[in-house]
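In the numbering used here, the protein residues as written are 11 to 423.
The structure under discussion appears below in the form of structure tokens.
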């Protein structure tokens, strides 16, 4: 056993503790409180992290670690530009991925895992399109969910896709739990969505869906026009599956399919309507905000105030390095704070990046806050001496400097 003490402890699930400490044994938190209380209870060595703050590791609720090397791949292919139309960006991603050599996605995913931990993230909701990479996650120190991604409209392939996913997830090893990711309402057939819903229920696994990310998606779901119909469907040879104008929204469409529930993560939610938000709230859906990714892809800004006032569970994701410039959730936190001034207070922002993500991924029994019984996944921040009148959460966001990360009580080397 060892006690870790700091100037402040931020459990997230309860108020900050000045002069707080954690007692850790066998990778688990056995007590939380004032350092003098823990010293009295336990005969254990104390690591005194002077002038520091201890808080939970970040939970990155949405990322694509297999695309971590995407910036380098773009340069190599002389495609080092960022398209200003979403569908053109999708075309760029597909073109680059098709040209990769064997092993490149593997190295990219491993680098993503490393960058996550080094930036204070200890749990992820990672979307994986290449099922052959699943064994890589068996030895990662990260916890969270591995969401296997499904895309397609061919009804004849539905049973094959779902069966392969079920077999793959049954053999999943390591600290990441199973998840499923029907890509978007316009890239996954109704039949495949329903089959994945059935599998998710069978496995007790959550689903992550890219929902209402772009104006192009909103136009397509309404009248089957725009870039998705004119560029994306021909590229994928989906012309036979182009729907008649549906006069709906992505949220209403999925609700009518019966696939929205409390196990659903709606990722992005940039172009949701007030009616959509009411449906998401009623179904218990969680929303994962990806503010920097939305900004980099010029798709707009999520209606943060509407989502918060509706009481939707909110969390944060970096998305991938194909649409972002770091895998640090700290960077997304501070960016969100800058583009949504006054919407979220500092405590709410830190909760979204930790316990909010853990709840969305359904791993909050094990991580996301500093509580007895949970894994000892935490980060140590320096530069957080509190000014008069300032709260510790605001100080952490303004000046916190990541100094160390612990995974199951083991410091990152």
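Think of the CB as a built atom: it goes at the ideal place given N, C-alpha and C, for glycine as much as any other residue.
It should be emphasised that the depicted structure is a prediction, and the values quoted were computed from it without experimental measurement.
Same chain, Cβ closer than 8 Å to residue 360, five either side skipped, listed in chain order
Taking the chain shown and counting its residues from 1, one reaches residue 360 at position 350. So the qualifying residues of the chain are 20, 22, 65, 343, 403, 406 and 407.
Please go through the same chain and pick out, in chain order, the residues whose beta-carbon is closer than 8 Å to the beta-carbon of residue 106, but skip the five residues on each side of it.
The count along the chain shown starts at 1 and reaches residue 106 at position 96. Answer for residue 106: 80, 83, 84, 87 and 89, listed in chain order.
Please list, in chain order, all residues of the same chain as residue 316 whose beta carbon is under 7 Å from its beta carbon, the five residues on each side excluded.
Sequence index remark: in the chain shown, residue 316 carries index 306 (1-based). Only 284 and 287 meet the Cβ criterion.
Within the 9 Å Cβ cut-off, does residue 47 reach chain C?
Annotation note: the requested chain C is absent from the structure, which comprises a single protein chain.
For residue 73, which residues from the same chain have a beta carbon less than 8 Å from its beta carbon, with the 5 sequence-adjacent residues on both sides left out?
Residue 73 sits at position 63 when you count from the first residue of the chain shown. Around residue 73: 122, 126, 134, 135, 136, 137, 327, 328, 329, 330 and 337.
Give me the Cα-Cα distance between residue 6 and residue 98, rounded to the nearest whole angstrom.
The shown model of the chain, from 11 to 423, leaves out residue 6, and the question about it has no answer.
CA nearest to the CA of residue 233, picked from 242, 252 and 198
In the chain shown, counting from the first residue as 1, residue 233 sits at position 223. Residue 252 is the option with its Cα nearest to residue 233.
Three-pair Cβ contact test at 8 Å for the stretch 366-375 versus the stretch 387-398:
Touching, no, given that fewer than three Cβ pairs across the two stretches are closer than 8 Å.
Given a cut-off of 9 Å on the beta-carbon distance, is the pair residue 365 and residue 301 in contact?
Here the question's residue 365 lines up with position 355 in the chain shown. Here the question's residue 301 lines up with position 291 in the chain shown. Against a cut-off of 9 Å, the Cβ pair of residue 301 and residue 365 comes out as no contact.
Please say whether residue 280 and residue 443 have beta carbons closer to each other than 9 Å?
No answer is possible for residue 443: it lies beyond the span of the chain, which begins at 11 and ends at 423.
Counted within 10 angstroms of its Cβ, other Cβ atoms place residue 368 as buried (16 or more) or exposed:
Start at 1 with the first residue of the chain shown, and residue 368 comes out as number 358. Under this definition residue 368 is a buried residue.
Continuous alpha helix (DSSP H) stretch holding residue 405: start and end
In the chain shown, counting from the first residue as 1, residue 405 sits at position 395. Per DSSP, residue 405 belongs to the alpha helix (DSSP H) from 402-409.
So what does residue 443 bridge to, in DSSP terms?
Missing from the structure shown is residue 443; the chain here goes from 11 to 423 and no further.
Could you compute how far the alpha carbon of residue 94 sits from the alpha carbon of residue 238?
On the chain shown, residue 94 is found 84 positions in, with the first residue counted as 1. On the chain shown, residue 238 is found 228 positions in, with the first residue counted as 1. The straight-line gap from Cα to Cα measures roughly 14 Å.
Take residue 204 as the anchor and find which of 323, 162, 140 and 423 has the nearest alpha-carbon.
Stepping through the chain shown from its first residue, residue 204 is reached at position 194. Out of 323, 162, 140 and 423, 162 has the C-alpha closest to the C-alpha of residue 204.
In three-state DSSP terms, what is residue 80?
For the purposes of this step, residue 80 is identified with residue 70 of the chain shown, where counting begins at 1. In the structure shown, residue 80 sits in a helix (DSSP, three-state: H, G or I).
Mapping the DSSP letters down to three states, classify residue 87 as helix, strand or coil.
Reading the chain shown from its first residue, position 77 is the one you call residue 87. Correct three-state label for residue 87: coil.
For residue 217, does the count of other Cβ atoms within 10 angstroms reach 16, so buried, or fall short, so exposed?
In the chain shown, counting from the first residue as 1, residue 217 sits at position 207. It is buried - the Cβ of residue 217 has at least 16 other Cβ atoms within 10 Å.
Exposure label - residue 265; buried when at least 16 CB within 10 Å
Looking up residue 265 in the chain shown gives position 255. By the neighbour-count rule (16 or more Cβ atoms within 10 Å), residue 265 is buried.
Mark residue 42 as exposed unless 16 or more other C-beta atoms lie within 10 angstroms of its C-beta, in which case mark it buried.
Here residue 42 refers to the residue found at position 32 of the chain shown. Classification of residue 42: buried, given that the 10 Å Cβ count is 16 or more.
Quick check: what's the CA-CA separation for residue 190 versus residue 215?
In the chain shown, the residue the question calls residue 190 occupies position 180. In the chain shown, the residue the question calls residue 215 occupies position 205. Those two C-alpha atoms are separated by around 7 Å.
DSSP on residue 360, reduced to helix/strand/coil?
The residue given as residue 360 occupies position 350 in the chain shown. Reduced to three states, the DSSP call for residue 360 is helix.
In the DSSP assignment, find the beta strand (DSSP E) that holds residue 187 and state where it starts and stops.
Numbered from its first residue, the chain shown carries residue 187 at position 177. From DSSP, the beta strand (DSSP E) with residue 187 extends over 186-192.
Which residues in the same chain as residue 29 place their Cβ atom closer than 6 Å to its Cβ, once the five residues preceding and following it in sequence are excluded?
Stepping through the chain shown from its first residue, residue 29 is reached at position 19. For residue 29, where only same-chain residues beyond five positions count, the Cβ hits under 6 Å are 44 and 45.
Tell me, to the nearest whole angstrom, how far the beta carbon of residue 378 is from that of residue 69; I am working on the premise that it is less than 8 Å.
Along the chain shown, read from residue 1 onward, the residue named residue 378 stands at position 368. Along the chain shown, read from residue 1 onward, the residue named residue 69 stands at position 59. The pair is a contact, with the Cβ atoms about 6 Å apart (cut-off 8 Å).
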